[in-house]
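Report on the structure given below.
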Amino acid sequence: MDGKAVAYVLVQTSRPSQLLLIVGIYVLGVVIAAANGVTPDESAVVAGLPPLVFCAASVHYANEFADVDTDAQTDRTPFSGGSGALAETGLGRTIPLTAGLVSLVAGLASAVGLWVTGWIPTSAVSLLGIIVVAGWQYSVRPLKLAWRGFGEVTNAALGGVALPAYGAAVVGGPLGRVILASVPFALVVLLNLFATQWPDRDADAAVGKQTLAVRWQPRILRISYVGIAVAAGVALVALHTVPSPAVLPRPVVLASLPVVPLVVWGGWGYTRRHVPLPTVAAMVSLAALQLLGWLWTLS
Numbered sequence: 001m002d003g004k005a006v007a008y009v010l011v012q013t014s015r016p017s018q019l020l021l022i023v024g025i026y027v028l029g030v031v032i033a034a035a036n037g038v039t040p041d042e043s044a045v046v047a048g049l050p051p052l053v054f055c056a057a058s059v060h061y062a063n064e065f066a067d068v069d070t071d072a073q074t075d076r077t078p079f080s081g082g083s084g085a086l087a088e089t090g091l092g093r094t095i096p097l098t099a100g101l102v103s104l105v106a107g108l109a110s111a112v113g114l115w116v117t118g119w120i121p122t123s124a125v126s127l128l129g130i131i132v133v134a135g136w137q138y139s140v141r142p143l144k145l146a147w148r149g150f151g152e153v154t155n156a157a158l159g160g161v162a163l164p165a166y167g168a169a170v171v172g173g174p175l176g177r178v179i180l181a182s183v184p185f186a187l188v189v190l191l192n193l194f195a196t197q198w199p200d201r202d203a204d205a206a207v208g209k210q211t212l213a214v215r216w217q218p219r220i221l222r223i224s225y226v227g228i229a230v231a232a233g234v235a236l237v238a239l240h241t242v243p244s245p246a247v248l249p250r251p252v253v254l255a256s257l258p259v260v261p262l263v264v265w266g267g268w269g270y271t272r273r274h275v276p277l278p279t280v281a282a283m284v285s286l287a288a289l290q291l292l293g294w295l296w297t298l299s
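Each residue of the sequence shown is one higher than the one before, counting from 1 in UniProt numbering.
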């Protein structure tokens, strides 16, 4: 077996760009906690990263293992269809599975070690456990959530809520307020899942993977997209105006507004556009802009 090819597969199937985004969302959770009166321990913030990255990589490896058949058949885009590394190299699916198990053990072992030594609290370890269990069950048996029409909501809950909550938990932040503050972002993550599942619908259907893009008619998908987008906007405004003190401060709300045209653009071509660039850009931009907005409140 070609060592270079194996190394290439290991890197690509870990999905480095997504791991980088996960780190950014973790930092977002830390900053939201800081804006709510917590003084983050920099050592704890650094310590909380390795378990998260290992566990997130294990989830990505599990997804690549489970989706090897659909990924081999789909017309990949830069944002959908998996990494394509297994189809490109011809290597077996046991490589990402083995890497996933090793990463899982490393992530959980490091989390438990940090918990036992007092570096991260019980709430952070619990959230990481939820992320791992739900993340693996997104792809593999017994639940295979993505194959049963529950993948989109699961992924949005993990990436949009559990990840920032984990960052906040590591530094002892108020989880309730952080979870509420994450709702608009989580809804845009859900839009991203709708958009990125669409290009894979034919390949998914061929292998029996019943995503919402497979289950629902295009018209229903478009209506759902618009409804979720409106809900995200309403949540953004409501979380600033209704609670006292506001869950979302004004700088965060204002920083989020440039994403609106991207969401509208994504909705306009949804189910008619193959490459889901607008919605992916909306999600990534919202994470970055909200991070800047929260940092502004700390300055």
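In this text, a Cβ means the ideal position worked out from N, Cα and C, and glycines have one as well.
Between the Cα of residue i and those of the options, spot the shortest distance and give me the residue it belongs to.
{"i": "V260", "options": "G160, V226, G151 and T271", "result": "V226"}
{"i": "Y61", "options": "L49, R93 and D202", "result": "R93"}
{"i": "L193", "options": "M283, W136 and T241", "result": "M283"}
{"i": "Q18", "options": "G90, P174, G149 and L163", "result": "L163"}
{"i": "A165", "options": "V6, I22, Y26 and L21", "result": "Y26"}
{"i": "I228", "options": "A134, F185, W216 and K209", "result": "F185"}
{"i": "L277", "options": "L289, A287 and V263", "result": "V263"}
{"i": "A109", "options": "P245, P258, P251 and C55", "result": "C55"}
{"i": "V253", "options": "P243, L236 and L101", "result": "L236"}
{"i": "V133", "options": "W216, N63, R250 and A7", "result": "N63"}
{"i": "D202", "options": "R141, A169, D71 and T117", "result": "D71"}
{"i": "V188", "options": "L175, E152 and K209", "result": "E152"}
{"i": "L91", "options": "K4, A169 and L286", "result": "K4"}
{"i": "A168", "options": "P251, T74 and G37", "result": "G37"}
{"i": "I190", "options": "F150, E42 and L180", "result": "Note on residue identity: the sequence assigns Leu, not Ile, to residue 190. That would be F150, whose Cα lies nearest to the Cα of L190."}
{"i": "S256", "options": "L289, P243 and T279", "result": "L289"}
{"i": "G233", "options": "A195, V280, A181 and R219", "result": "A181"}
{"i": "S43", "options": "G82, G118 and G176", "result": "G118"}
{"i": "G113", "options": "V230, G48, A287 and A146", "result": "G48"}
{"i": "F65", "options": "L158, A57, Q73 and P96", "result": "P96"}
{"i": "A195", "options": "V178, G173 and P218", "result": "P218"}
{"i": "L248", "options": "L292, W268, R148 and A281", "result": "L292"}
{"i": "L298", "options": "P251, R272, G267 and W268", "result": "P251"}
{"i": "E88", "options": "L28, A238 and Y8", "result": "Y8"}
{"i": "S139", "options": "V59, A281 and A231", "result": "V59"}
Taking only three categories from DSSP, how would you classify residue i?
{"i": "T77", "result": "strand"}
{"i": "V38", "result": "coil"}
{"i": "Q12", "result": "helix"}
{"i": "K209", "result": "coil"}
{"i": "Q18", "result": "helix"}
{"i": "S58", "result": "helix"}
{"i": "R93", "result": "coil"}
{"i": "S83", "result": "coil"}
{"i": "D71", "result": "helix"}
{"i": "G48", "result": "coil"}
Can you find the residues in the same chain that come closer than 8 Å, C-beta to C-beta, to residue i, ignoring five residues on each side of it along the sequence?
{"i": "S275", "result": "According to the sequence displayed, residue 275 carries Val and not Ser. Result list for V275: T77, P78, F79 and P199, in chain order."}
{"i": "V53", "result": "L19, I22, V23 and G107"}
{"i": "T122", "result": "W115"}
{"i": "W216", "result": "S224"}
{"i": "G159", "result": "I22, I25, A186 and V189"}
{"i": "P258", "result": "S285 and L289"}
For residue i, collect the residues of the same chain with a Cβ closer than 7 Å to its Cβ; drop the 5 residues on either side in sequence, then sort them by chain order.
{"i": "V68", "result": "L86 and R93"}
{"i": "P40", "result": "V30, A33, A34 and V171"}
{"i": "V45", "result": "V30, V170 and V171"}
{"i": "A205", "result": "V214"}
{"i": "L128", "result": "P51, L52, C55, A111 and Y166"}
{"i": "Q73", "result": "A203 and A206"}
{"i": "R141", "result": "none"}
{"i": "L175", "result": "S123, A165, A168 and A169"}
Within a Cβ cutoff of 6 Å, which residues of the same chain sit near residue i, ignoring the five residues on either side of it in sequence?
{"i": "A99", "result": "L10 and Y61"}
{"i": "W115", "result": "V125"}
{"i": "Q197", "result": "T211 and A213"}
{"i": "Y270", "result": "R222 and Y225"}
{"i": "A246", "result": "H240"}
{"i": "W265", "result": "P278"}
{"i": "V183", "result": "A235"}
{"i": "A57", "result": "S14 and S103"}
{"i": "Q137", "result": "L143 and L145"}
Is any beta-carbon of chain C found at less than 7 Å from that of residue i?
{"i": "V53", "result": "Included in the structure is just one protein chain, with no chain C present."}
Just list the beta strand (DSSP E) runs in the region 100-155, keeping only unbroken ones of 3 residues or longer that don't cross its boundaries, in chain order.
Runs of the beta strand (DSSP E) inside the region 100-155: none found.
4-residue-minimum alpha helix (DSSP H) runs that sit fully inside the region 166-205, ordered along the chain
Positions of the alpha helix (DSSP H) runs, each at least 4 residues long and wholly inside the region 166-205, are given as 175-181 and 183-197 in order along the chain.
What runs of the alpha helix (DSSP H), each 4 residues or longer, lie entirely inside the region 243-299?
List check, alpha helix (DSSP H) in window: 250-256, 260-269 and 277-298.
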